[in-house]
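Numbering (my numbering), first residue to last: 112 to 744. Even for Gly, the Cβ is constructed at its ideal location relative to N, Cα and C. Worksheet for the structure shown next.
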Amino acid sequence: MARRFVTAGAGLVLAVVAVVLVVQGVGATPFRALGVSTPGESLRIATPLVRMVVALAAGFTLGGLVAAVAVLPGRDGGAKLSAHAYLAVRRVGLTAALWAVAASALVPLTVIVGTGGDPRVLSLPDAFLASLGALEEPAGFLVSAVAAGVVAVMCRVTFSWRSAVGALAPAALAVVAPVATGVVASVGAGHDIATDAAVLAALALAVWLGVAATASGHLTQGRPSADVVRRRARRAGLVCGPVALAGLAIVAAYLVRDGWTTLYGWLALAQLVLVAVAFLVHLRGALFPTTCLVAAGTAVTGLLAAGLPPGLLRPASAQETLIGFELPGPPTVLTLIAPGRFSVLLDVLALALGGLYVAGVLRLRRRGDAWPPGRTAAWLGGCALLVWTTTSGFGEYAMAQFSVHMGSHMLLSMLVPILLVLGGPVTLALRALPAGEEPPGPRDWLLSLIGSPVSRFLTHPVVSLVVFVGSFYALYFSPIYEAALPYHWAHQLMYLHFMATGYLFFWPIIGVDRSPRPLPHVARLALLLASMPFHAFFGVALLGSDTVIGQRFFGDLALPWVPDLLRDQSLGGGIAWAAGEIPLVVVIIALLVQWSRHDRIEGERHDRRADRDGDAELTAYNAMLADLARGRR
Numbered sequence: 112m113a114r115r116f117v118t119a120g121a122g123l124v125l126a127v128v129a130v131v132l133v134v135q136g137v138g139a140t141p142f143r144a145l146g147v148s149t150p151g152e153s154l155r156i157a158t159p160l161v162r163m164v165v166a167l168a169a170g171f172t173l174g175g176l177v178a179a180v181a182v183l184p185g186r187d188g189g190a191k192l193s194a195h196a197y198l199a200v201r202r203v204g205l206t207a208a209l210w211a212v213a214a215s216a217l218v219p220l221t222v223i224v225g226t227g228g229d230p231r232v233l234s235l236p237d238a239f240l241a242s243l244g245a246l247e248e249p250a251g252f253l254v255s256a257v258a259a260g261v262v263a264v265m266c267r268v269t270f271s272w273r274s275a276v277g278a279l280a281p282a283a284l285a286v287v288a289p290v291a292t293g294v295v296a297s298v299g300a301g302h303d304i305a306t307d308a309a310v311l312a313a314l315a316l317a318v319w320l321g322v323a324a325t326a327s328g329h330l331t332q333g334r335p336s337a338d339v340v341r342r343r344a345r346r347a348g349l350v351c352g353p354v355a356l357a358g359l360a361i362v363a364a365y366l367v368r369d370g371w372t373t374l375y376g377w378l379a380l381a382q383l384v385l386v387a388v389a390f391l392v393h394l395r396g397a398l399f400p401t402t403c404l405v406a407a408g409t410a411v412t413g414l415l416a417a418g419l420p421p422g423l424l425r426p427a428s429a430q431e432t433l434i435g436f437e438l439p440g441p442p443t444v445l446t447l448i449a450p451g452r453f454s455v456l457l458d459v460l461a462l463a464l465g466g467l468y469v470a471g472v473l474r475l476r477r478r479g480d481a482w483p484p485g486r487t488a489a490w491l492g493g494c495a496l497l498v499w500t501t502t503s504g505f506g507e508y509a510m511a512q513f514s515v516h517m518g519s520h521m522l523l524s525m526l527v528p529i530l531l532v533l534g535g536p537v538t539l540a541l542r543a544l545p546a547g548e549e550p551p552g553p554r555d556w557l558l559s560l561i562g563s564p565v566s567r568f569l570t571h572p573v574v575s576l577v578v579f580v581g582s583f584y585a586l587y588f589s590p591i592y593e594a595a596l597p598y599h600w601a602h603q604l605m606y607l608h609f610m611a612t613g614y615l616f617f618w619p620i621i622g623v624d625r626s627p628r629p630l631p632h633v634a635r636l637a638l639l640l641a642s643m644p645f646h647a648f649f650g651v652a653l654l655g656s657d658t659v660i661g662q663r664f665f666g667d668l669a670l671p672w673v674p675d676l677l678r679d680q681s682l683g684g685g686i687a688w689a690a691g692e693i694p695l696v697v698v699i700i701a702l703l704v705q706w707s708r709h710d711r712i713e714g715e716r717h718d719r720r721a722d723r724d725g726d727a728e729l730t731a732y733n734a735m736l737a738d739l740a741r742g743r744r
């Protein structure tokens, strides 16, 4: 314990010294380049230090939660947290409270620094709110502060393992919000790829730091299940380490570009070296040194914020500023189907989903069990379609042209989820994962989450129908879509939302996995038919609209091959009408096939039971009819 306090004290001193040296080395250069006044030195020192606190507290919070629910012995018999996991969650509540306070402090600090260092902006509500919206990063820290406060409250009042899992969502949001609205998202060419990479790197570093720190403390105090905790912490590092290193390398390549000899370039290189060394140490199983190195690499984020990325000064065109890249010209069939711009976040998601599924199938085969090849083909087909939709030329033009975007919406909200639910991933996981682990393992976690009230609520027929269909109208017939267009993170969030709502809608209808709310086949058909008029009316509404959705964004892009934005929008309405109905017809056919197969299986089961008991059910039914007939006579 004394060693930890000494290490923390030494790290604090080094952080302060490093910030002072970097701030003095950078001087007023970044502010002159941006054309704003230079803030006072105390303000320029305080801001990176508070950023360090935010980054470290974020790691100890998010990673500590992951450790409490998935690394430590998480549940004590039922759904309650075990004593060790409960203590970990309580500690996470303290770091989350610190995180919320530090992120709140960064809101006015970043506003003052971004507006030239004049604190009087805080006393002018209109000027402060205008700066909050124009700078974007202060708004990101505001979201982070609120989400971290929610996590702090949840960790102080929960005794449930499921509630601790639920706290992961606001914790992840609090990590992502400042990254997605920070300097990475403001760089012109390549900011789309850099933003995705920065989000993945931030999440990976946070999880790695908190898991390593929590597992190290658990092992040091000689608590039970040491081998299980060490093995799970090692697996977490084996995943998070490469993701963090690759993400940071991509971000550095786009932010630094050819400025590696600058102070910013040296700091970015130092961060990469620290994370790489931490991964090598992690491979040797030393959790405490790994924690120190990952914490140091995370803290460098604050130092980087004190300088100006050389890539930020590179001139960018309108298309590079708005969407991150230049389109090659008018879309053709060849350019649409050919490979295009990488979507790092969604490509990584698709590869992870496909890889885990294949691993599960191979585990079943090694055990001698069979798995239907049609389900494998459906799942991998859904993953491949996700990659093509977001990474081909089709995905490129979907960022800049409404009609193509509507095509991608239809694919991601309907065809991709249909293929995924036909893959039966939950059934595969329950068969492939080992049962009866002590402490509870991934199979027990999955069963607990599927049976949770949240899962039952989200898969309720009325809820899934309203969310699935209502998303079309709420997104495009409100200011949400137009406000989201300039931001890459908003596009990615829309895509994830499309897939999630589509999966929740089609799961109870044609999903191979048993839904938390099973429906009879006639109810499934009724639910599907109920959604069809809403799809048709949405397409018709777009076709007949005389108001351009997102006119400001598409007008700033000024694509020469789209001279009439309203006509392109009408084309998108036609795509929504036609492309929305065809997958639903396919689903009806699949549902009828499943219904017929179910009736055949039930008939065969009834015949086998009749052979065993001499068809006692039919005999009793005939006797009842005979009694009724005698009664009438």
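Using 7 Å as the threshold, is the C-beta distance between residue i and residue j below it?
i	j	result
arginine 474	alanine 543	yes
leucine 530	glycine 321	no
glycine 175	alanine 214	no
alanine 406	valine 362	no
glutamine 680	phenylalanine 513	yes
methionine 643	leucine 558	no
glycine 613	proline 528	yes
arginine 452	glutamate 507	yes
With distance defined between alpha-carbon atoms, name the residue in the options nearest to residue i.
i	options	result
alanine 387	Gly613, Ala357, Ile304	Ala357
leucine 604	Leu531, Asp369, Ala363, His520	His520
glutamine 705	Gly422, His632, Ala687, Val651	His632
aspartate 555	Ser566, Phe568, Ala540, Leu569	Ala540
glycine 683	Leu314, Pro281, Val515, Leu522	Val515
proline 671	Pro442, Ala488, Val565, Glu507	Pro442
alanine 389	Leu125, Thr409, Tyr375, Thr401	Thr401
arginine 201	Thr269, Val254, Leu220	Thr269
arginine 341	Val455, Ala181, His571, Arg162	Ala181
alanine 594	Leu560, Phe649, Phe665, Gly650	Phe665
alanine 196	Ala326, Leu132, Leu123, Thr292	Ala326
proline 150	Pro230, Phe645, Ala669, Val177	Pro230
proline 550	Ala179, Tyr468, Ala601, Phe616	Ala179
glycine 370	Leu419, His599, Leu630	Leu419
leucine 615	Ser575, Val222, Ala241, Ala637	Ser575
Rounded to whole angstroms, what's the CA-CA distance from residue i to residue j? Just pull it up for me.
i	j	result
methionine 510	methionine 517	10 Å
arginine 478	valine 134	60 Å
tryptophan 618	tryptophan 490	13 Å
serine 153	leucine 447	53 Å
alanine 259	alanine 211	5 Å
glycine 749	glutamine 332	This structure leaves residue 749 out entirely; the chain is present only between 112 and 744.
alanine 721	arginine 708	Residue confidence for alanine 721 is low, a pLDDT of 49 falling below 50, so the modelled location carries little weight; the figure read from the coordinates is stated next. Distance between the alpha carbons of alanine 721 and arginine 708 is about 20 Å.
glycine 552	alanine 337	15 Å
leucine 383	valine 659	45 Å
valine 367	serine 148	24 Å
glycine 485	tryptophan 272	36 Å
valine 532	leucine 522	14 Å
alanine 129	leucine 233	29 Å
tyrosine 584	isoleucine 621	25 Å
arginine 678	isoleucine 693	23 Å
leucine 217	phenylalanine 252	7 Å
glycine 422	valine 137	16 Å
leucine 607	alanine 652	24 Å
leucine 378	valine 131	14 Å
proline 249	alanine 256	10 Å
valine 578	valine 127	49 Å
tryptophan 688	phenylalanine 142	51 Å
leucine 246	proline 289	12 Å
glycine 225	aspartate 237	16 Å
With a floor of 4 residues, list each alpha helix (DSSP H) that falls wholly inside the region 113-171, ordered by position along the chain. 113-137, 140-145
What are the complete beta strand (DSSP E) segments, minimum 3 residues, inside the region 531-593? none
Between the region 287-301 and the region 191-199, can you find at least three pairs of beta-carbon atoms closer than 8 Å? Result no; under three Cβ-Cβ pairs closer than 8 Å.
With contact counted as at least three CB pairs below 8 Å, one residue from each stretch, are the region 164-171 and the region 197-213 in contact? yes
For the region 339-356 against the region 305-318, are there 3 or more C-beta pairs whose distance is under 8 Å? yes
When you compare the region 452-462 with the region 482-502, are there three or more beta-carbon pairs, one atom per stretch, that lie closer than 8 Å? yes
Alpha helix (DSSP H) segments (min. 4 residues) lying fully within the region 318-380: If we require 4 residues or more, the alpha helix (DSSP H) runs fully inside the region 318-380 come out as 337-367.
Below 8 Å, can you find three or more Cβ-Cβ pairs linking the region 271-285 to the region 391-398? no
Which runs of the beta strand (DSSP E) spanning at least 3 residues fall entirely within the region 628-683, listed in chain order? none
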